[in-house]
Amino acid sequence: SAAEKGGYDYFMLKEIAEQPKAVADTLLGRIDAAGSLTLDEVRIPPGVLREVDKVVIVACGTAFHAGLIAKYAIEHWTRIPCEVELASEFRYRDPILDPQTLVIAISQSGETMDTLMALRHAREQGSKVLAICNTNGSTIPRESDAVLYTHAGPEVAVASTKAFLTQLVACYLVALYLGQVRGTKWGDEIRAVVRDLSQISGEVERVLGTMEPVRELARTLAHKNTVLFLGRHVGYPVALEGALKLKELAYMHAEGFAAGELKHGPIALIEEDLPVVVVVPSPRGRSVLHDKIVSNIQEIRARGARTIVIAEEGDEAVVPYADHLVRIPVTPTLLQPLVATVPLQVFACELATARGNEVDQPRNLAKSVTVE
Ligand code: AGP
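Numbering (our numbering), first residue to last: 387 to 758.
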């Protein structure tokens with residue numbers, strides 16, 4: 387009913403709008419006044435976490451994209467090698483697992499069969515499993531050694547939005563907590579990131595307030611058949627997520643690529659007026675990556691692409707090559723996905739509406755996939 391949708395036309399719109407609160411709720415009570423992480427609910431003793439020598443993340447779909455982003459954070463802040471694998475591929479290749487492996491299973495519903503089978507397999511090999519889940523008491527957390535709940539509230543729309551942002555927050559918390567427990571040399575950076583993280587909900591809110599041009603743009607592209615997404619570093623999984631949202635909602639051919647791979651094949655797809663969304667890393671800090679992506683934008687534009695550039699406020703270098711420019715707030719590189727994903731969600735939702743598709747219940751899809 388309209389009341390359930392909180393006055394929005396679709397659950398998806400409501401859930402997109404709820405993201406600042408979902409993010410804040412997922413942080414709530416997990417950072418103390420001194421800026422330390424208090425994840426007592428993660429009932430894996432610090433002694434065990436100090437012995438972990440490998441992290442393996444298993445998930446499907448959007449949750450898998452959260453895992454891909456988590457890898458950058460975990461490896462950077464903890465120096466523990468981290469692999470991310472589609473749950474449906476994981477157990478069939480006899481992965482190397484032992485009691486020093488920490489497996490993280492990410493699932494909104496907690497009922498995804500592939501993810502459940504992957505974690506069962508990991509526990510049989512003696513690995514510890516930490517679930518990141520949005521549904522209290524669901525099967526995946528019940529069968530795990532520990533759980534960190536995302537506090538997104540019920541997600542009804544089939545296309546995941548607020549659950550994704552809170553999965554990212556939970557992954558950052560786990561990464562920072564592992565860093566804290568193990569006392570890595572990134573102590574100062576970890577404290578700074580914790581501060582930035584506690585402000586990020588306000589930044590998500592700010593992005594939501596600037597989405598009208600994105601909706602307008604989506605409407606002008608409703609007749610297109612293909613949209614490509616490019617990103618680098620954590621922007622690469624964001625590109626994958628943008629493409630997945632578009633497939634699910636707009637039933638358009640959409641693909642995400644690592645920008646550095648362009649020359650190895652995908653650039654052959656570029657043709658006159660093809661919309662290409664580019665997620666640009668911050669020009670600060672990792673400026674090498676930034677410069678490389680700016681030349682990628684130049685290259686595709688020279689071949690006729692219609693460039694839709696998502697770039698940080700104050701990034702002037704992209705301006706000459708952007709047919710459409712979407713500004714996002716300045717954030718630390720690793721946290722950028724929390725703000726960069728939002729325009730892609732809005733874009734896909736509006737395209738679906740413009741194409742007359744059922745936003746909350748896309749064809750052929752179920753909210754949770756409980757068969758293998
Ligand atoms: C996301 O928009 C999808 N509907 C889908 O990829 C989903 O993320 C995937 O099925 C995993 O679901 P889960 O998080 O409930 O395990």
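Think of the CB as a built atom: it goes at the ideal place given N, C-alpha and C, for glycine as much as any other residue.
Of the residues the options, which one's Cα is nearest the Cα of residue i?
i      : options                           : result
Pro718 : Phe450, Tyr558 and Ala688         : Tyr558
Thr739 : Ala388, Met398, Gly393 and Ser387 : Met398
Pro669 : Ile694, Ala688, Glu702 and Gln684 : Glu702
Glu401 : Gly690, Leu594 and Val624         : Leu594
Lys391 : Thr756, Lys753, Ala420 and Asp746 : Asp746
Phe550 : Asn520, Arg687, His507 and Glu575 : Asn520
Val542 : Ala734, Ser387 and Val600         : Ser387
Leu607 : His507, Gly415, Tyr707 and Ala636 : Ala636
Arg810 : Tyr396, Glu461 and Glu404         : Coverage of the chain is limited to positions 387 through 758, which leaves residue 810 absent and any answer about it impossible.
Gly646 : Thr536, Glu657, His676 and Lys633 : His676
Glu807 : Leu454, Asn743, Val579 and Arg477 : A question about residue 807 goes unanswered here, because the residues of the chain that appear run from 387 up to 758.
Ile492 : Asp395, Ala726, Ala473 and Asp574 : Ala473
Ile490 : Ala517, Arg479, Glu497 and Pro481 : Ala517
Gly690 : Pro715, Glu698, Lys678 and Leu655 : Leu655
Gly453 : Gly393, Lys678 and Val560         : Val560
Ala538 : Val674, Pro406 and Arg687         : Pro406
Could you give the residue range of the alpha helix (DSSP H) that holds residue i?
i      : result
Pro623 : Gly621 to Ala636
Gln468 : Here residue 468 is Cys; the residue named in the question, Gln, does not match the sequence. No alpha helix (DSSP H) contains Cys468, which is instead part of the beta strand (DSSP E) from Cys468 to Leu472.
Glu575 : Gly573 to Leu594
Lys457 : Gly447 to Thr464
Lys407 : Gln405 to Leu413
Ala740 : Pro723 to Ala740
Met503 : Met499 to Glu510
Thr606 : Glu598 to Thr606
Gly421 : Gly421 -> no alpha helix (DSSP H), and no H or E assigned at all.
If you drop the 5 nearest sequence neighbours on each side, which residues of the same chain put their C-beta closer than 6 Å to that of residue i?
i      : result
Glu641 : Leu614 and Ala629
Leu488 : Val438, Val441 and Lys514
Thr547 : Glu401, Ile402 and Gln731
Thr612 : His639
Pro432 : Val567
Gln684 : Tyr707
Tyr563 : Leu423 and Leu425
Among residues of its own chain, excluding the 5 on either side of residue i, which ones have a beta-carbon nearer than 7 Å to its beta-carbon?
i      : result
Tyr759 : Outside the displayed span of the chain (387 to 758) sits residue 759, for which this structure offers no information.
Gln511 : Leu483 and Asp484
Could you spell out the range, first to last residue, of the beta strand (DSSP E) harbouring residue i?
i      : result
Gly617 : Thr612 to Gly617
Pro652 : Run containing Pro652: none; DSSP gives neither H nor E here.
His710 : His710 to Ile714
Leu639 : The displayed chain sequence assigns His, not Leu, to residue 639. His639 to Ala644 is the span of the beta strand (DSSP E), which, as asked, contains His639.
Give the DSSP bridge partners of residue i, in chain order.
i      : result
Cys519 : Ser493 and Tyr535
Gly393 : Answer is none; Gly393 lacks a bridge partner.
Pro661 : Arg692
Ala697 : Arg713
Lys514 : Leu488
Going along the chain, which residues of its own chain have a beta-carbon closer than 8 Å to the beta-carbon of residue i, five neighbours each way excluded?
i      : result
Leu724 : Val409, Leu551, Leu554, Val555, Ile586, Glu589, Val590 and Thr717
Val680 : Val666, Ala703, Val704 and Tyr707
Val600 : Val712, Pro729, Val732, Phe733 and Glu736
Exercise for the section: Would you be able to state if there are at least three C-beta pairs under 8 Å between the stretch 417-430 and the stretch 518-525? Expected result: Three or more beta-carbon pairs separated by less than 8 Å are not found between the stretch 518-525 and the stretch 417-430, which leaves the two stretches without contact.
Exercise for the section: Report yes or no: do the stretch 461-480 and the stretch 426-445 share at least 3 C-beta pairs separated by less than 8 Å? Expected result: Yes, since at least three Cβ pairs between the stretch 461-480 and the stretch 426-445 fall closer than 8 Å, the two stretches touch.
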